[in-house]
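If you count the sequence shown from 1, position 432 lands on 435 in my numbering, and the numbers rise without skipping. Cβ coordinates follow ideal geometry from the N, Cα and C atoms, glycine included. Worksheet: one structure, shown below.
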Amino acid sequence: MKGFGAVGPNSGPVHMGIEIKEKFYRSPGLVEGKVHCHCVSDVNFTAIVLKFKGAERTHLHWTTTSENKNDHTITRHHRSKGIRMLANRVTTLSKFGCLSAGHYEFPFQVHLPAGIDSSSSFVTDDTSFWVVYWMEAEIVGLPNVTKTQAYFTILGEPKGESKKPQGYFVEPFLQDVNFCRCGGRGFMALGAKTDSVRVHPGRNFQASICFQNQSTTKIETIDIRIKQTVHAHADGRTHTAEQIVGETTMPDGKELGEAAKKLSRKFTQKEKDSASSSILQHIHNSLVSNECLTYAVPVERTALPTYSTSLIKVSHTAEVVLRTRKFITNPKVVFPLIVDDPSSQKDTQPTLPQHPPLEEGMQAPTDPPPSLPEGRNPATFPLTVITVEKWPDVADEPATVPDSGQARAAAKWSFEGLLKALKNSISVNSTLKRYADDSRGREVILSLGTQQYGLAVAALAMQSDRLDVAVTVARILKSGGKDFTSEFIISAIEFEASEHESQMKTGLVIVLAPLASDLPKNQQELLRHLSASEQQGVQDVLTKRL
């Protein structure tokens with residue numbers, strides 16, 4: 004798969020492109036490719052940087068209407084975007100040099116870890132999300148932005164058929180049958196079970212159902228449908244989109260037998276009380292002994308996998324409904340479902356998810372750099388290897404922990420516990436002080452590596468909170484005898500992916516640079532992670548404050 008891209012609004016003397024060997028990759032696995040660089044004339048540069056990135060992106064769209072003083076209706080369109088980085092690895096292909104006119108190749112390999120989220124997409128007019136991965140190459144130090152990117156698809160880890168099923172049993176219950184919310188018509192009893200709530204797109208979900216109709220209303224059909232619900236967040240706003248990804252109606256009323264027939268009269272309350280316990284016990288025994296109806300509904304191949312993070316949540320349910328006439332309450336059972344990743348099956352033909360709109364400053368993929376004349380070979384640089392580690396999830400969803408004081412304490416005094424406390428706190432400084440004053444919390448902070456530091460800074464929604472966490476944690480690290488270097492700053496700015504990314508990167512460097520022990524010695528390494536305009540914004544500050 005070749006993901007060539009032009010460089011900047013005007014490619015000028017340099018043409019860049021990224022070539023990725025395959026369309027699909029599985030985790031764990033190895034991504035192989037090349038960065039092509041064709042120079043029309045000699046080019047002096049600061050660095051040639053290669054990045055492996057993964058992200059969740061959400062786009063929300065909505066409209067509002069209002070009337071002006073002339074009673075004309077005005078429709079306004081609003082858009083909001085969200086992003087959560089899944090991976091961000093940066094390496095230098097070459098730095099501080101000159102490329103003479105010619106064609107150059109920079110081969111690379113990316114080692115993917117096990118357990119990384121697979122690529123996926125969901126696109127509608129008002130709610131869209133993408134889980135995407137891409138390579139990005141940039142020449143730093145040229146007057147114009149010289150950057151290109153290429154997407155590729157990561158498939159889910161293969162899952163064998165031996166995965167243990169997760170059964171689900173709905174105890175029988177009674178429900179009164181009413182017409183238009185008034186006038187009781189008796190009651191119905193319903194129970195259900197499934198041997199597994201884990202299903203795979205393209206295969207069947209099966210449920211066993213047992214019921215008794217003790218009302219004067221006839222049961223027409225049994226309807227089973229599988230509902231997919233997508234929640235996408237961006238800038239404090241949440242959109243919800245629902246789809247039916249599996250549906251069946253079985254059978255018609257004549258085939259349901261005695262259990263579905265209506266009664267000639269409804270039970271009195273006394274008769275209901277005396278009959279209900281025996282009916283419920285009969286349904287329970289029938290379900291346990293498998294003496295009940297079993298129905299299957301196919302799950303559409305396009306169903307998304309069940310997924311949950313702080314930005315995107317995809318959930319699934321199966322609803323079993325005893326359908327009666329209109330305006331009459333219908334007894335219903337709801338099963339929670341887990342839909343497997345369709346790309347995790349080796350026998351399934353994977354599909355390419357859609358890619359999000361290009362980032363600002365990026366050009367759409369275009370023709371590759373000009374070919375070399377026959378008989379001439381490109382100048383090839385040494386192989387660059389990037390090893391990706393799976394980063395911890397920072398979802399808002401509370402983690403499930405054993406119900407014991409020791410387990411809850413272990414969850415609190417951990418890196419994930421620190422992230423959760425910061426995200427839910429009213430004052431991040433007070434939260435950090437509480438951790439620093441407790442030996443267990445202080446140990447958590449002092450154990451932070453550069454990647455965890457960057458993740459902790461990026462976990463906060465407000466810019467002021469991110470700056471406060473960056474500075475306070477840096478000071479705690481220094482006071483605890485840990486060497487705070489520019490690598491921590493680089494991690495913080497590389498993990499920055501907010502709407503005001505450039506402003507935040509500049510602010511982080513300004514407040515953190517005075518705390519770094521290896522500055523100004525290593526300031527060139529720090530500056531190469533910033534754009535030309537960002538470098539100008541911090542250069543004077545670095546000179547004055549260092």
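How would you call residue i, buried or exposed, if buried means at least 16 neighbouring beta carbons within 10 angstroms?
i: T66; result: exposed
i: K196; result: buried
i: Q539; result: exposed
i: L421; result: buried
i: K508; result: buried
i: E446; result: exposed
i: F172; result: exposed
i: Q217; result: buried
i: K524; result: exposed
i: V202; result: buried
i: L386; result: exposed
i: G443; result: Checking the sequence, you will find Arg at residue 443 rather than Gly. Exposed, by the Cβ-count rule.
i: V336; result: buried
i: G484; result: exposed
i: G85; result: buried
i: V233; result: buried
i: E245; result: exposed
i: M19; result: buried
i: Q169; result: exposed
i: P401; result: Its pLDDT being 33, under 50, P401 is placed unreliably in this model, and the coordinates cannot settle the point.
i: G452; result: exposed
i: I21; result: buried
i: H236; result: buried
i: P334; result: buried
State the CB to CB distance for the pair residue i and residue j, rounded to an integer number of angstroms; the pair is presumed to be in contact (CB under 8 Å).
i: M88; j: A58; result: 5 Å
i: G105; j: A382; result: 6 Å
i: T149; j: K98; result: No, T149 and K98 are not in contact; Cβ-Cβ is about 14 Å, not under 8 Å.
i: K56; j: F109; result: No, K56 and F109 are not in contact; Cβ-Cβ is about 17 Å, not under 8 Å.
i: D45; j: S103; result: 5 Å
i: T95; j: V34; result: Rounded, the Cβ-Cβ distance is 18 Å, inconsistent with contact.
i: P359; j: V135; result: 6 Å
i: Q178; j: I282; result: Not a contact, Cβ separation roughly 12 Å.
i: V317; j: Q231; result: 7 Å
Give the straight-line distance between the Cα atoms of residue i and residue j, rounded to the nearest whole angstrom.
i: I493; j: L529; result: 6 Å
i: K436; j: E419; result: 17 Å
i: I119; j: K26; result: 17 Å
i: L515; j: L463; result: 17 Å
i: S482; j: A495; result: 20 Å
i: V180; j: Q357; result: 46 Å
i: V300; j: V323; result: 11 Å
i: I429; j: Q455; result: 22 Å
i: Q542; j: T309; result: 47 Å
i: S520; j: S122; result: 40 Å
i: T332; j: N427; result: 41 Å
i: H319; j: P31; result: 27 Å
i: V472; j: I212; result: 54 Å
i: T241; j: A278; result: 47 Å
i: C40; j: V113; result: 19 Å
i: R79; j: T243; result: 20 Å
i: D468; j: A461; result: 10 Å
i: W133; j: H62; result: 9 Å
i: G194; j: F125; result: 34 Å
i: Y298; j: Y28; result: 37 Å
i: N293; j: D128; result: 45 Å
i: S289; j: C295; result: 6 Å
i: A210; j: S417; result: 41 Å
i: F176; j: G249; result: 25 Å
i: I2; j: R326; result: This structure leaves residue 2 out entirely; the chain is present only between 4 and 549.
i: T252; j: D198; result: 20 Å
i: E497; j: N380; result: 35 Å
i: K54; j: D344; result: 27 Å
i: E490; j: R82; result: 35 Å
Let me check one thing: in DSSP terms, what residues is residue i bridge-paired to?
i: V512; result: According to DSSP, which records beta bridges pairwise, V512 is partnered with nothing at all.
i: R92; result: F55
i: D226; result: T252 and V324
i: R82; result: H64
i: M19; result: C40
i: L102; result: V46
i: L177; result: A192
i: E141; result: V52 and K150
i: P301; result: N207
i: P339; result: T320
i: C213; result: G194
i: E528; result: According to DSSP, E528 bridges with nothing at all.
Using only the heavy atoms of the ligand ADP, determine whether one of them is closer than 7 Å to the beta carbon of residue i.
i: D441; result: Ligands in the displayed structure: none, and consequently the ligand ADP is not present.
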